[in-house]
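*Asks:* My questions will all concern the structure given below.
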Amino acid sequence: MDIISQIKENTKKAISELYQHEIQPNDILVNETKPEFEGDYTVVLFSFVKTLKKSPDALGNELGGLLIIKYPTLFSGFNIIKGFLNLSVADGYWASFLQNNYSINEFGQKEKTNQKVMVEYSSPNTNKPLHLGHLRNNFLGWSISAIYKANGYDTVKTCIANDRGIHICKSMIAWQLFANGATPETTGTKGDHFVGDYYVRFGSEYKKQVEGLQATGMSKEEAEKEAPIMKAAQQMLIDWEAGNPAVIALWKKMNSWVYAGFEETYKKIGSDFDKTYYESDTYLLGKKLVQYGLEQKVFFKKEDGSVWIDLTADGLDEKIVQRKDGTAVYITQDIGLAVNKYEEYHCDESIYVVGDEQNYHFKVLKLICQKLKIPAADHIFHLSYGMVELPTGRMKTREGNVVDADDIVDEMIHEAERKTKEQGKTEGFTDEELKDLYEMIGIGGLKFFLLRVDPKKRMLFNTEESIDLHGYTATFIQYAHARIKSILRKERESGVETLESRIGDQESGVSCKESNRDKPGINFLLPLEKKLIINLEKYPAIIEQACQDMSPSLIASYAFDLAKNFNSFYAEHSIAKAETPDKKELRLQIAQLTATTLKNSMALLGIKVPERM
RNA sequence: GGUCCGGUAGCUCAGCUGGAUAGAGCGGCAGCCUUCUAAGCUGUAGGUCAUUGGUUCGAAUCCAAUCCGGAUCACCA
């Protein structure tokens, strides 16, 4: 049990014993003691003062007194300031925590829960390349899945390819009209970018046609409807749903280009999926469910043939679920997908990582699923994240105000290379090792930058800041890790007294010798030593919190804090030349567990950490 | 207009199930490499926590109103 839970539990027992008054451990507020006061953890007494009819001082004295008598291995002292009971935790407790954990490579990993959770993320449209917004989505989804895994869940990572619909037809029409048979191969263009170019081309042509029609006296609204290229796209969607072979063939060809491009990007950024769904498969099931919903009277048909659901009783509006021409709308396929997912995996929870611009959509989707009595309906959760904005404003593909995913990834890696060369510390690295290091720093930096902000909040992406390698960045943490590894390596190499027996071997998992918690060097912790151990002890609780809040930013913030504490410690105390052999051992253990924890926490963000840099 | 989300240091963000004098990073200023990697460390300046009321022992945190910003309310996805 973590220390805070133990304090709550023991305080509850003490209050019960002293005053025959029962409270829940979770009603007790325990904080870390502010640095300006003596003690490690603080119990806030105010809330009990009234019910127990005691003065804060009396209450604190009685409570603190009993706690150190009953739990002498846990508490070494206390003091009371105003209504705060500051408890000092015994150094022996920290020493034994360290002993028990420093050689555990998977420190923080929770027991299996037998719960299965699905995380859908990425959800690309197959008509244009990925941009910065997709990257936030991908990193978030991947990380959430990793965090669930660390909490003992089985996870299924899925991707839904929005591979059909009017937007795809737009790229297709534009290619037919303007490409003269060009392909990614003939032009030497990455497939997703190639197709995206035609999507943009559609937009400009459409605009031209609308303006042309308006010049003939047509209203803007009418012109937008009547523009030939738009009508052609709409006709193409109908042909597609009818299975027109030529249209299907073109569609397959263009999508295959896009997938090849996506694959390259996913591989580079480390996104992977256990299952990819295709809207072109799920929309049919969606349409079946529309029929079912009509029979069940969940949906109703309007005179023109379009199908709707009335959600006014739930405080929403009427929502269309199928067009009058019988084609599926966006939500149609999502209903099918929800059923598909459940039938295939029977997950306990189904998370959709999708931008907050779709909050309304998911509210409606969940309601519809519930009304259709789809088994998984109640377990649909929309992990809504904020948009990524640029200093120049919101990203809009058609206006060219976008940061392309491939471009920014390459830029980050190049910057990492440039800065690394500038540092000049990579003598003896092979070309392969250098390439790995540049990617670790570059891609890690990008991931950290996008994940360090609370997912719910929209964020500003400033390129200057994102390529910074100082301060609150992945590089800072990677650097701390590399420094620790360097120390451990040297100790192992020079190990007169076989270091494996002392610090263990992380790779082989060989463990330590028996407890030496009674050694004097370990029972007098210096402030910076203790601070680090306290910091390390928190890690399992942080993993739980990050899962509950579905927030990788908590992990980022924790890892940074730990690295920072280590750096302060490193600057102040020598590990290799510690005052005594016991101190050296203690510090090696702290260093090792810190390295493990930095590595594990960064892994939850999808960020690798180097042995040297 | 309805609904939802947000407003904390010059900038980017933590803190929000109410608790001690509101914290980081960047940027500014001043220091630290004969010592385990200076991609680092230390110190310092910088705040009406949008505004106004309320709830109470105590409010950045909860409630209400107002102001400002954003999202959404499509036979787009």
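All the letters of the first sequence, read from the start, carry residue numbers 0 to 612 under numbering that gives the first Met the number 0.
Don't be surprised by glycine CBs; every beta carbon is placed ideally from N, CA and C.
(1) Between L51 and S75, what straight-line distance do the alpha-carbon atoms span, to the nearest angstrom?
(2) Could you pull the start and end residues of the alpha helix (DSSP H) that L604 belongs to?
(3) Among T579, R393, K230 and H480, which has the Cα closest to the Cα of D560?
(4) Considering M253, what are the terminal residues of the alpha helix (DSSP H) in which it resides?
(5) Quick one: using the 10 Å Cβ neighbour count with 16 as the cut-off for buried, is A575 buried or exposed?
(6) If A473 sits next to K434, beta carbons under 8 Å apart, how far is it from one beta carbon to the other, in whole angstroms?
(7) Helix, strand or coil, according to DSSP, for E348 in the structure here?
(8) Under 8 Å, with one C-beta from each stretch per pair, do the stretch 346 to 353 and the stretch 419 to 433 reach the 3-pair mark?
(9) Report the start-end ranges of each beta strand (DSSP E) in the stretch 89 to 150 that is 3 residues or longer and not cut off at the edges.
(10) Give the straight-line distance between the Cα atoms of G503 and S102, rounded to the nearest whole angstrom.
(11) Below 7 Å CB to CB, which residues in the same chain sit around C598 once its five sequence neighbours on both sides are set aside?
(12) Quick check on L17: does DSSP put it in helix, strand or coil?
(13) If you count every other CB in all the chains shown that lies within 10 Å of the CB of Y359, and 16 or more means buried, which is it?
(14) Helix or strand or just coil, what does DSSP make of Y538?
(15) To which residues does DSSP link G392 through a beta bridge?
(16) First and last residue of the beta strand (DSSP E) that includes V408?
(17) Apart from the five residues just before and just after E528, which ones in its own chain have a Cβ nearer than 8 Å to its Cβ?
(18) In the DSSP assignment, what are the bridge partners of L86?
(19) Looking at the strands, I want to know which residues DSSP matches up with Q213.
(20) Per DSSP, T154 forms a beta bridge with which residues?
(21) Just tell me which of N243, K530, V29 and V320 has its CA closest to the CA of W93.
(22) Whose C-beta lies closer than 7 Å to the C-beta of K148 among residues of the same chain, with five residues either side of it excluded?
(23) Using 8 Å as the Cβ pair cut-off and three pairs as the minimum, do the stretch 152 to 172 and the stretch 234 to 244 touch?
(24) Using 8 Å for Cβ pairs, my map puts P551 next to L468. What's the rounded Cβ distance?
(25) Can you say whether F47 is buried or exposed, counting buried as having 16 or more other CB atoms within 10 angstroms of its CB?
(26) Excluding the 5 residues flanking K111 on each side, which residues of the same chain have their C-beta closer than 7 Å to its C-beta?
(27) By DSSP, does Q357 sit in helix, in strand, or in coil?
(28) According to DSSP, simplified to helix, strand and coil, what is I379?
(29) Would you please state the rounded distance, in angstroms, between the beta carbons of G605 and S142? I believe it to be under 8 Å.
(30) For Y205, I'd like the list of residues in its chain whose CB is within less than 7 Å of its CB, leaving aside the five on either flank, ordered along the chain.
(31) Could you compute how far the alpha carbon of T425 sits from the alpha carbon of M612?
(32) Does the stretch 240 to 249 come close enough to the stretch 182 to 189 to have 3 or more Cβ pairs within less than 8 Å?
(33) In angstroms with no decimal places, state the Cα-to-Cα distance between Y70 and L97.
(34) Apart from the five residues on each side of it in sequence, which residues of its chain come closer than 8 Å, Cβ to Cβ, to A178?
(35) Who are the Cβ neighbours of T41 in its own chain at under 6 Å, not counting the five residues just before and after it?
(36) Going by DSSP, what residues sit across from L459 in a beta bridge?
*Replies:* In brief:
(1) 26 Å
(2) It is not in any alpha helix (DSSP H) - L604 carries neither H nor E in the DSSP assignment.
(3) H480
(4) P244 to I268
(5) exposed
(6) Incorrect: roughly 17 Å between the Cβ atoms, too far for contact.
(7) strand
(8) no
(9) 115 to 119
(10) Confidence in G503 is poor, its pLDDT being 42 and thus under 50, which makes the residue's placement unreliable; the coordinate value appears in the next sentence. The alpha-carbon atoms of G503 and S102 are separated by roughly 6 Å.
(11) First, the amino acid is wrong: residue 598 is Lys here, not Cys. Counting only Cβ-Cβ distances below 7 Å, and skipping sequence neighbours, we find H480 and V608.
(12) helix
(13) exposed
(14) helix
(15) L389
(16) First-last for V408: A404 to Q422, but that is the alpha helix (DSSP H), not the beta strand (DSSP E).
(17) F568, H572, L585, R586 and I589
(18) Y40 and F77
(19) Partner(s): none; Q213 has no beta bridge.
(20) V116
(21) K530
(22) T154
(23) yes
(24) 20 Å between Cβ atoms; not a contact.
(25) buried
(26) G151
(27) helix
(28) strand
(29) 6 Å
(30) A226, I228 and M229
(31) 6 Å
(32) no
(33) 19 Å
(34) Y197
(35) N30, T32, F83 and N85
(36) E388
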